[in-house]
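Residue numbers (the numbering used here): 71 to 279. Quick reminder that beta carbons are idealized off the backbone N, C-alpha and C, glycines included. Contents: one structure, followed by commentary.
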């Protein structure tokens, strides 16, 4: 992949990893040391991020959530909220003092859909796409409405509740499934496709100074 992008392994002088599968950290480290000859930097407890994690159990915080929060704070300032749409939909709130106070975790679009199909007999499979009408005229469009409009309503509703409790702030949305709901959201959001990569860049440079 590196050569495909017009680069050589010898050009790499640093690597940062936000791992959500700790069992593979050792494999990554050994492979990188062997083939790239650098020591990887992992996003973990003790790393400098510029954000103070104010959770009951800070070590339970996913590296991806922390990375997204760092990028959002650096790009939009604090307070800020991050909605990350993947296997799960996570909502993360950082206050004006750059304290990560917590968030919300809900099932992602495909996660909910796969559970529905697995546990419900005689339902047809449906692609993740916006139906013509919110009220479906057949099984497929009804499922699509639930996936797209149901998820967008969940996001709108939780954004409103968080703002009601914590106050107004910009809302950043990212993740592989974000594009499916952007047109259906009523709340104002800022779509950042590469938020995680930007967060990794900020953290890397902060720790290599």
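Open item on the list: Tell me which residues share the same chain as residue 124 and place their Cβ nearer than 7 Å to its Cβ, disregarding the 5 neighbours each side in the sequence.
Closed with: Counting from 1 along the chain shown, the entry for residue 124 is found at position 54. Here the set comprises 169, 170, 171.
- [ ] Quick one: give me the first and last residue of the beta strand (DSSP E) that residue 152 is part of.
- [x] The residue labelled residue 152 in the question sits at position 82 within the chain shown. Counting along the chain, the beta strand (DSSP E) containing residue 152 begins and ends at 150 to 155.
Task: Contact check, residue 138 vs residue 150, beta carbons under 7 Å - done: Position 68 of the chain shown, counted from the first residue, corresponds to residue 138. Position 80 of the chain shown, counted from the first residue, corresponds to residue 150. No, the pair does not count as a contact, with Cβ atoms beyond the cut-off.
- [ ] Counting only the same chain and skipping the five closest in sequence on each side, list residues whose C-beta sits under 8 Å from that of residue 214.
- [x] Sequence index remark: in the chain shown, residue 214 carries index 144 (1-based). Here the set comprises 196, 197, 198, 199, 200, 201, 206.
Open item on the list: Is residue 255 near the ligand ADP - that is, is its Cβ less than 6 Å away from at least one heavy atom of it?
Closed with: With respect to the ligand ADP, the structure offers nothing, as it holds no ligand at all.
Open item on the list: Measuring straight from C-alpha to C-alpha, what distance separates residue 128 and residue 143?
Closed with: Residue mapping note: residue 128 aligns to position 58 of the chain shown, counting from 1. Residue mapping note: residue 143 aligns to position 73 of the chain shown, counting from 1. Residue 128 and residue 143: Cα-Cα distance of roughly 18 Å.
Open item on the list: Using only CA atoms, which one of 255, 164, 178 lies nearest to residue 232?
Closed with: Residue 232 sits at position 162 when you count from the first residue of the chain shown. Minimum Cα distance to residue 232 is reached at 164.
Open item on the list: Considering only the alpha carbon of each residue, which of 209, 249, 279 lies closest to residue 260?
Closed with: On the chain shown, position 190 is the one that residue 260 refers to. That would be 249, whose Cα lies nearest to the Cα of residue 260.
Task: Same chain, Cβ closer than 8 Å to residue 115, neighbours up to 5 away in sequence not counted - done: In the chain shown, counting from the first residue as 1, residue 115 sits at position 45. These residues qualify, in order along the chain: 128, 129.
TODO: Check whether the region 103 to 118 touches the region 234 to 244, taking contact to mean three or more Cβ pairs, one atom from each stretch, closer than 8 Å.
DONE: no
- [ ] Determine the DSSP secondary structure at residue 220, reduced to helix, strand or coil.
- [x] Taking the first residue of the chain shown as position 1, residue 220 is located at position 150. The answer is helix: DSSP assigns residue 220 an H, G or I state.
TODO: Counting only the same chain and skipping the five closest in sequence on each side, list residues whose C-beta sits under 7 Å from that of residue 194.
DONE: For the purposes of this step, residue 194 is taken as the residue at position 124 of the chain shown. Cβ within range, chain order: 209, 210.
Open item on the list: Give me, in chain order, the residues of the same chain whose beta-carbon lies closer than 6 Å to that of residue 156; leave out the 5 immediate sequence neighbours on both sides.
Closed with: Position 86 of the chain shown, counted from the first residue, corresponds to residue 156. So the list reads 178, 245, 246, once near-sequence residues are dropped.
TODO: Please report how far the alpha carbon of residue 218 lies from the alpha carbon of residue 119, in whole angstroms.
DONE: The count along the chain shown starts at 1 and reaches residue 218 at position 148. The count along the chain shown starts at 1 and reaches residue 119 at position 49. In a straight line, the C-alpha of residue 218 is about 34 Å away from that of residue 119.
Open item on the list: For residue 277 and residue 228, what's the separation of their Cα atoms in angstroms?
Closed with: As a first step, residue 277 must be located in the chain shown, where it is residue number 207. As a first step, residue 228 must be located in the chain shown, where it is residue number 158. If you take the alpha carbons of residue 277 and residue 228, they lie about 34 Å apart.
Open item on the list: Output needed for residue 270: all residues of its chain with C-beta closer than 7 Å, excluding positions within five of it in sequence on either side, in chain order.
Closed with: Working through the chain shown from its first residue, we reach residue 270 at position 200. Here the set comprises 86, 88, 137.
- [ ] Give the single residue among 140, 166, 132 whose Cα lies nearest to the Cα of residue 158.
- [x] Within the chain shown, numbered from 1, the residue matching residue 158 stands at position 88. The candidate whose alpha carbon is nearest that of residue 158 is 132.
- [ ] List the residues that DSSP assigns as beta-bridge partners of residue 283.
- [x] Outside the displayed span of the chain (71 to 279) sits residue 283, for which this structure offers no information.
Task: Alpha carbon of residue 242 to alpha carbon of residue 106, nearest angstrom - done: In the chain shown, residue 242 corresponds to position 172, counting from 1. In the chain shown, residue 106 corresponds to position 36, counting from 1. The straight-line gap from Cα to Cα measures roughly 34 Å.
TODO: Measure how close the beta-carbons of residue 141 and residue 253 come, nearest whole angstrom, since I'm counting them as under 8 Å.
DONE: Here the question's residue 141 lines up with position 71 in the chain shown. Here the question's residue 253 lines up with position 183 in the chain shown. Contact doesn't hold; Cβ gap of about 24 Å is too wide.
- [ ] Let me know if residue 266 comes out buried or exposed under the rule of 16 or more other beta-carbons within 10 Å of its beta-carbon.
- [x] Numbered from 1 along the chain shown, position 196 holds the residue referred to as residue 266. With 16 or more Cβ atoms within 10 Å of its Cβ, residue 266 is classed as buried.
Task: Whether residue 226 touches residue 263 by CB criterion (7 Å) - done: Start at 1 with the first residue of the chain shown, and residue 226 comes out as number 156. Start at 1 with the first residue of the chain shown, and residue 263 comes out as number 193. No, these two residues do not count as a Cβ contact at 7 Å.
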